[in-house]
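The opening position of the sequence shown corresponds to residue 4 in this note's numbering, with each subsequent residue numbered one higher. Don't be surprised by glycine CBs; every beta carbon is placed ideally from N, CA and C. Computed from a predicted structure; not experimentally measured. Notes to accompany the following structure.
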Amino acid sequence: MKKNCLSILAIASISICSCLIVTENRVVGAKEESLSRKTSQNISPELRIKIDEWMKLLYSDDSAIRTSAVISLLGLNISTVYDSLIDILKNSENDDVRISLIKAFGFAGDDSRALDCMIDLIISEKEELRIASADALGNIRTKKAIEEMAGILLDKKKPIESRILVTGALAKTRSREAVEPLINVLESDNNDLQIAAHEALMQITKQSNGKVKSFWQEWWNRNRVKTREQWLEDIVDKLEEGSEKLKAENKRLRDEIVEKTIKILKTNKESDNIRPLIDALKSEYQAVRIYAAGELANHHNDPEVIKIFVNLISDNDTEIRVLAVNVLGKIGGVPELKNLILALQDKEIRVRESAARSLGRLGEKEAVFDLLSALSDTANSVVCAAAEALGELKAGEAVEPLIKLFSNKDPKVRESAIVALGKFQDNRAIEPLINSLKDKEERVRWYAADTLGKIGKKKAVLPLIALLSDESARVRESTAAALGLIGHESAVEPLIKLLEDVDNRVAEKAADMLLLIKCESLVLLDSIVNAFYAVEDYKRSKEILKKQINQYEGLPEYDHELWQSKKRLAKLYFSSNDCQKATLLYEELVTNFDDNIEIKHELVHCLKEAKQFDKLLSFLSLWIESLSVDNHMWWPEIYGIIEGLFNEGYFERVRTLIDDFEKKNPHLGGPELKSGFYDLRKQSMAEMSPQDEGA
């Protein structure tokens with residue numbers, strides 16, 4: 004009771020009683036009595052009762068009741084009440100009451116009377132009072148309050164704990180006036196104060212210039228001249244930048260969660276347990292759901308999985324519905340077909356498009372009617388998918404509807420219809436396709452030519468030949484391919500001209516197609532060979548020459564031409580060092596062209612390369628016996644072979660060969676070679692053992 008005497012005196016000063024209330028210590032001054040009487044004259048009896056009740060509530064054990072009582076008293080805006088509260092704040096020994104008063108004054112934001120008291124309390128020895136005062140001062144954002152706090156902050160004689168608390172109070176004000184004082188203490192000897200000042204600066208300015216004073220000072224020199232609005236705009240920009248960073252960080256975290264979740268699912272990949280995948284379909288992350296659905300597709304033989312994908316066709320996520328119809332298109336089966344047909348009515352274009360393609364992959368005729376209806380879809384991409392699906396199904400009833408699409412304004416729709424008709428090979432499409440060769444869109448002409456090639460009717464040849472002069476290289480390439488597929492001889496000369504096209508792909512395609520065309524005329528084949536020779540395409544020249552030989556072999560009327568073709572083919576093999584194939588032809592050619600020294604020389608070269616020395620000696624033996632030509636030139640070849648055998652140690656073989664050749668022609672190619680032969684024979688005999696000689 005004794006410790007509350009001063010407070011009771013303060014309350015008595017505004018009591019509703021006309022006489023002075025005597026406290027336990029009966030300490031009331033004449034001045035307070037006079038003030039009380041003066042106040043009581045201006046306050047109604049009802050209000051006096053309320054004031055008395057609120058004053059008593061200041062000492063409640065409940066902090067909320069205390070705070071409410073203080074706020075109510077302050078709300079009266081009566082100076083004597085205010086003065087009494089200040090007196091309690093200064094002199095009361097009840098710290099709970101004082102803290103409630105501090106919070107209330109801070110809430111009121113009035114710096115006229117309570118400021119000095121709270122400034123004094125911020126350097127109090129009691130931590131609770133310091134903290135409460137700092138927090139309250141942060142709510143008083145007046146210039147005077149900030150100046151008072153700055154004074155404490157910069158005063159090195161003040162306790163460091165109080166100065167640190169002031170930095171927090173200044174940060175709470177968000178005031179420009181607090182910036183420079185905070186910058187000044189960045190060089191404090193106390194690290195905790197530096198950190199607190201830096202954090203306060205970042206809160207006020209939304210900048211992060213580090214703790215170096217010079218950086219902050221430079222920034223402040225640039226920005227102190229700005230208006231408050233401009234500064235606030237900068238802060239907003241900084242906040243927005245921070246928001247973007249936060250979004251980016253949030254996305255990074257989400258991506259990390261997705262990555263780790265999928266990684267966990269992958270560890271279960273080899274297991275037959277599909278429960279984790281089914282559970283993952285409920286994930287809030289789309290990427291996880293899509294991965295899980297994709298993995299579940301590998302278990303499509305499981306009835307539960309099929310049911311899951313059927314249900315996913317009605318999922319809220321478009322990506323999942325697209326995936327579901329794609330998977331069901333691969334699984335197959337009538338139950339899934341019905342659900343895919345329903346998906347043709349989905350609100351999302353991509354789902355309808357995927358459903359149409361899946362129905363085409365399934366190959367079930369049951370879907371034809373619905374796909375024909377899809378040709379009238381409002382989305383052209385769906386129309387394209389439906390057209391291509393009908394092409395896969397090869398339904399005859401789709402031909403006319405697809406032909407009607409040739410007049411569609413969208414070139415992609417025209418393309419899709421043309422591609423689809425290429426699967427039918429229906430004669431009804433020929434005339435419309437020929438007309439499409441004149442379409443203004445490059446790709447339409449390209450696909451029209453391609454489709455005519457697949458249908459393969461002679462009627463399309465002349466229009467296609469005319470298209471070989473198209474300005475588009477892709478169209479010319481497609482047209483050349485079409486002519487090759489049709490395979491009519493009338494396309495040979497136009498394709499030969501195309502071998503010199505400015506576009507290499509076109510020239511290559513024309514060359515390939517010339518190989519495909521089956522010509523009945525050997526002369527026409529010759530013209531193709533000559534064309535390939537002209538462009539130095541010897542590989543394809545071989546192919547045509549082989550075709551000539553195979554096609555006309557055994558026909559006496561073509562003997563001369565065939566021998567010439569064989570000579571050309573042998574020469575090509577020889578030039579490419581394909582000695583094995585060249586030898587087979589040369590062996591045949593030397594019998595027909597006995598006087599052709601070039602052919603013989605090339606055969607000798609090929610046999611040497613193939614190391615077929617026995618066969619070569621047989622030919623050389625025949626040639627030196629022939630009297631029709633001068634065969635003196637072959638003796639050096641014979642000598643070279645025998646010398647090689649000697650060097651390899653075949654001494655008996657060397658002696659026998661020389662003896663045989665001497666019997667056929669004692670001159671052995673002339674004095675010089677004869678001497679060489681004799682030396683080889685003599686050395687061979689010397690190298691042979693007596694046993695060898697006896698043998």
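* To do: Identify whether E503 lies in helix, strand or coil by the three-state DSSP scheme.
  => coil
* Just curious, the alpha helix (DSSP H) that N580 is in, first and last residue? -> Note, N580: premise wrong, no alpha helix (DSSP H); not H, not E.
* To do: Report yes if the C-beta distance between E601 and C582 is below 8 Å; otherwise report no.
  => no
* **Of the listed residues I645, F649 and R292, nearest to F664 (C-alpha basis)** => I645
* Asked: Thinking C-alpha only, which one of Y653, K667 and P669 is nearest Q686?
  -> Y653
* Asked: I458 and R431 look like a contact to me (Cβ under 8 Å); what is the Cβ gap, rounded to whole Å?
  -> Not a contact, Cβ separation roughly 10 Å.
* Short check: CB of Y3 to CB of S544, under 8 Å? -> Here the chain comprises residues numbered 4 to 698, so residue 3 is not present and cannot be evaluated.
* Pair within 8 Å by beta-carbon distance, A452 and S481 -> yes
* Asked: Does the beta carbon of A203 come closer than 8 Å to any beta carbon on chain B?
  -> Among the protein chains of the structure shown there is no chain B, as only one such chain exists.
* Asked: Who are the Cβ neighbours of L683 in its own chain at under 7 Å, not counting the five residues just before and after it?
  -> Around L683: I645, E646, F649, V657 and I661.
* Close-in-space but distant-in-sequence residues of the same chain around A392 (CB under 7 Å, 5 per side omitted) -> Scanning its chain for C-beta atoms nearer than 7 Å, with the 5 sequence neighbours on each side dropped, one finds around A392 the residues A359, R360, L362, G363 and L374, in chain order.
* **Pairwise C-alpha distance: I267 and S191** => 52 Å
* Under 8 Å by Cβ, that's how I've got V182 and I207 pegged, so tell me the actual separation to the nearest angstrom. => 6 Å between Cβ atoms; contact.
* Asked: If we call anything under 8 Å between Cβ atoms a contact, is K426 one with K462?
  -> no
* Buried or exposed (CB count within 10 angstroms, at least 16 for buried), P184 -> Residue environment: P184 is assigned as buried (16 or more neighbouring CB atoms within 10 Å of its CB, all protein chains considered).
* Measure the CB-CB distance between A2 and A174 and report whether it falls below 8 Å. => Residue 2 lies beyond the stretch modelled for the chain, which goes from 4 to 698, so this question has no answer here.
* To do: Could you pull out every residue in the same chain whose Cβ sits closer than 7 Å to the Cβ of W637, ignoring the five residues on either side in sequence?
  => L623, W626 and I627
* Within the region 593-680, ranges of the alpha helix (DSSP H) (whole runs, at least 4 residues) -> 600-612, 616-628, 638-650 and 654-667
* To do: Assuming K160 contacts K209 (C-beta within less than 8 Å), just tell me the rounded distance between them.
  => Contact flag wrong, Cβ pair sits at about 32 Å.
* Asked: Which runs of the alpha helix (DSSP H) spanning at least 4 residues fall entirely within the region 467-524, listed in chain order?
  -> Within the region 467-524, the complete alpha helix (DSSP H) runs of at least 4 residues are 476-489, 495-501 and 507-519.
* Asked: What distance in whole Å lies between the Cβ atoms of A107 and V73, which are believed to be in contact at a cut-off of 8 Å?
  -> The pair is a contact, with the Cβ atoms about 4 Å apart (cut-off 8 Å).
* To do: Let me know if Q292 comes out buried or exposed under the rule of 16 or more other beta-carbons within 10 Å of its beta-carbon.
  => Note on residue identity: the sequence assigns Arg, not Gln, to residue 292. It is buried - the Cβ of R292 has at least 16 other Cβ atoms within 10 Å.
* **Distance, K569 Cα to E523 Cα** => 19 Å
* Element boundaries [alpha helix (DSSP H), containing M152] -> K146 to L157
* Asked: Can you tell me the Cα-Cα spacing of I143 and E247, whole angstroms?
  -> 32 Å
* **N80 in three-state terms, based on DSSP** => Residue state, collapsed to three classes: coil.
* Using three-state DSSP, classify H302 as helix, strand or coil. => Assigned with DSSP and collapsed to three states, H302 falls in helix.
* Sort A199, E395 and K415 by Cα distance to V385 and report the nearest one. => K415
* Beta-carbon proximity list for G673, same chain, < 8 Å, skipping 5 on both sides -> H635 and W638
* Asked: Along the chain, where does the alpha helix (DSSP H) that runs through G332 open and close?
  -> T321 to I334
* How would you write the range of the alpha helix (DSSP H) that G363 sits in, first residue to last? -> I352 to L365
* Pair within 8 Å by beta-carbon distance, Y294 and I265 -> yes
* T586: buried (16+ other C-beta within 10 angstroms of its C-beta) or exposed? -> buried
* To do: Would you kindly work out how many angstroms separate the C-alpha atoms of E252 and A327, rounded to a whole number?
  => 32 Å
* Residue of K285, G643 and S178 minimising C-alpha distance to K146 -> S178
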